[in-house]
Amino acid sequence: MPSIALRVNNEVATGDVEGRTLLISFLRETLGLVGTPMGCDTSQCGACVVSVNGRSVKACTMLAVQAHGSEITTIEGLAGPDGELHPMQAMFKEHHALQCGFCTAGMIMSAIDLVKSNPEGLSEPEIRHGMEGNICRCTGYDNIIRAIVAALPLITSGSAQTWERADV
Amino acid sequence: MYNFEYIRPESLESAQIALSTDATAQALAGGMTLIPVLKQRLNMPTALVDLSGLGLSGTKVENGYLEVGAMTTHAEVANSADVRMCFPALAAMANNIGDRQVRSRGTIGGSLANNDPSACYPAAVLATDASIKTNQRVLAASDFFQGMFSTALELGEFILNIRFPLAVRAGYAKFPNPASRYALVGVFVAKFHDSVRVAITGAGQNGVFRHAAMESALEDSFTEAALDGVCTPADLMNDDIHASAAFRAHLVRVMAKRAVSAALA
C-alpha cells in the first residue's frame with residue numbers, strides 16, 4: 001500500500017492507504033476529522049469541500065494518494081486555539097447562514113477559498129457563481145450569500161492575519 | 169471502487185511504459201470524470217497512472233499560438249494572464265466548466281482525452297483547429313475527436329499539450345444543464361483572417377462537430393443576423409431526458425448568436 005505524508009491543519013499526517021482510498025475517507029476514518037461530512041458522494045453537493053494547497057476541492061472526488069505532499073485545511077483547522085471563530089464562521093453564525101448545518105463545513109471552506117482568491121472584492125453574482133459547487137437543501141442561499149458578503153472585508157482587509165494560522 | 173495499483177511516474181518514458189505494458193492501466197489526470205466512474209464500478213483498471221508528476225501544466229504564448237499543458241487545470245486556464253490576454257474566450261470557457269471545485273482539479277488534457285460529448289473544451293479545440301501533441305505524435309483536432317468518448321489516442325499514448333492558433337476574434341456560449349453544468353448545447357466561433365470556424369458541443373450524436381452552414385454565413389458577414397436563416401437538422405441532434413433533438417437544434421442557433429456577440433464584445 002502506498003504511504004502518504006501530508007500536512008493537515010498544520011500538523012503532519014501520515015498513513016498507508018490503498019490506491020482507491022478517497023481523501024475524505026482518510027480524513028474521517030484515519031485521522032478522525034469528522035467535521036467534513038460525506039454528502040452525496042458524487043462530487044455534486046460540496047458538503048465535503050476541504051482546502052488542498054489553498055484551493056477548494058471536493059474530498060470525495062480526490063484520492064488520498066493524490067494528496068501526498070500537500071497542505072490541507074479542514075473545517076477543524078479554522079477556529080483559533082481559544083475557540084475563536086474564523087470570520088467566515090462568525091459571519092455564518094451572525095447571518096443565520098445555516099439551518100440543519102450539513103452543508104455548512106463545505107460552504108465555509110468554499111467561501112474562504114473564493115474570498116481569498118479575489119482580494120479585490122466580489123459582486124453578489126460572482127459569489128453565487130463561485131458557490132455553485134455547494135448545495136444547501138434547506139435552501140438557505142440568501143443568508144449564505146449575506147454571510148460571505150459580510151466576511152469579505154474582514155478576511156481581505158488584512159485584519160484577519162491571525163486567521164492565516166491554518167493557511168487556507 | 170475496485171482497488172488498483174497507483175503509479176505516479178516522473179518521466180514521460182516511464183509513464184509510457186506503465187500505460188503500454190498493461191492494457192488495463194488507465195491514465196489519471198484531474199480525475200473529475202474518472203474517479204466518479206470508478207466509484208460506480210463502471211470501470212476496473214488494474215493500475216492508475218497519475219500524470220501529475222510529469223511537468224505538464226502551464227501556458228505559454230509564442231509565434232501566434234497559445235500552448236496549454238495537458239495537466240493545466242481549468243482554474244489555471246481561467247486565471248492565466250497569457251490566456252486572458254491572447255485567448256480570452258478560452259479563459260471565459262474554462263471559468264464556466266463544472267463548479268469551482270471541479271475547476272481546481274479538472275484538466276484540459278483530461279477533458280480532451282475523455283471527449284465527453286457535452287464537454288466544453290472540444291468545441292474550442294475544434295473551432296480553432298488546434299493541434300494536440302502527445303508523447304508520440306501531433307494530431308490535428310479534426311483527426312483527434314472520433315465520436316462520443318472516443319479519440320485517436322492509442323495504447324500508451326497521452327496528451328502533452330494543446331497548441332491553439334490565436335483567432336482574430338473568438339467567443340463561446342453554452343446552455344448548461346442546470347444540474348451538471350455540462351453543455352446541453354455549446355457553440356464556439358473563431359474568426360481568423362480568411363476563415364471562420366464554428367464547433368458545436370453537447371448537441372450532436374457523435375460528439376463535437378463543425379457547422380459548415382454557419383461557417384460560410386459568418387464568413388460572408390460576422391454578425392448575429394447572418395445566422396438568422398441558418399438551420400441545423402434536428403435528426404443529427406441528441407435526444408434525451410434533458411432536451412429533445414428539436415430543442416437542441418434550436419439552441420444551436422441561439423448559442424451561436426450569443427457566441428458571435430461575445431466574440432464581437
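Line order of the protein sequences matches chains G and F.
One point on numbering: in the numbering used here, the residue at position 9 of the first sequence is 9, and numbering is uninterrupted.
With positions in the second sequence counted from 1, the corresponding number in the numbering used here is that position plus 168.
Beta carbons are placed, not taken as given, at the ideal position from N, Cα and C, and that holds for glycine.
This one's a predicted model, so the numbers in the text were calculated from it and none came from an experiment.
Listed as beta-bridge partners of R378(F) by DSSP are A367(F).
The stretch 27-37 of chain G makes no contact with the stretch 242-259 of chain F, as fewer than three CB pairs between them are under 8 angstroms. The distance from the Cβ of L395(F) to that of V428(F) is about 7 angstroms, consistent with a contact at the 8 angstroms cut-off.
K359(F) and A433(F) have their C-alpha atoms some 13 angstroms from each other. Here P285(F) really is in contact with G375(F); their C-beta atoms are around 4 angstroms apart, less than 8 angstroms. With a cutoff of 7 angstroms on beta-carbon distance, P256(F) and S43(G) are scored as not near each other. Per DSSP, reduced to three states, the secondary structure at F390(F) is coil, with no helix or strand assignment. Residues of the stretch 118-135 of chain G whose Cβ lies closer than 9 angstroms to any Cβ of chain F, in chain order: H129, G130, M131, E132, G133, N134.
Straight through space, the alpha carbons of T139(G) and M38(G) are spaced by roughly 19 angstroms.
Here the alpha carbon of G130(G) sits roughly 18 angstroms from the alpha carbon of R137(G). Our two residues, E322(F) and L307(F), have alpha carbons roughly 12 angstroms apart in a direct line.
Leaving aside the five residues that flank A243(F) on each side, the residues in its chain whose CB is nearer than 7 angstroms to its CB run, in chain order, R271, S272.
When rounded, the separation of the alpha-carbon atoms in K301(F) and S51(G) is 32 angstroms. Among the CB atoms of chain G, one or more fall inside 7 angstroms of the CB of F172(F).
Interface with chain G (7 angstroms Cβ-Cβ cutoff): P333(F) is excluded. Looking at the DSSP output, E173(F) shares a beta bridge with A215(F). Shortest Cα-Cα distance from V229(F) to any of S348(F), F332(F), H361(F) involves F332(F). Taking a beta-carbon distance threshold of 7 angstroms, M316(F) does not count as an interface residue toward chain G.
The three-state secondary structure of V34(G), taken from DSSP, is coil. In this structure, A111(G) is the residue among C48(G), G80(G), R55(G), A111(G) with its C-alpha nearest to the C-alpha of F92(G). In the structure shown, the three-state DSSP call for G339(F) is strand. When rounded, the separation of the alpha-carbon atoms in R305(F) and T192(F) is 22 angstroms. DSSP, read as helix, strand or coil, puts V306(F) in strand. Y170(F) counts as exposed, since fewer than 16 other C-beta atoms from the protein chains shown sit within 10 angstroms of its C-beta. Taking 7 angstroms as the CB threshold, T61(G) lines the interface with chain F. For R426(F), the enclosing alpha helix (DSSP H) begins and ends at 413-432. Sequence-distant partners of L419(F) (beyond 5 residues in either direction) whose C-beta falls short of 6 angstroms from its own C-beta, in its chain, are F343, V353.
Residue-level contact by beta carbon fails for R252(F) and chain G, as no gap is shorter than 7 angstroms.
Non-local C-beta neighbours of E126(G) in its own chain, meaning closer than 8 angstroms and more than five positions away in sequence, comprise N118, ordered along the chain.
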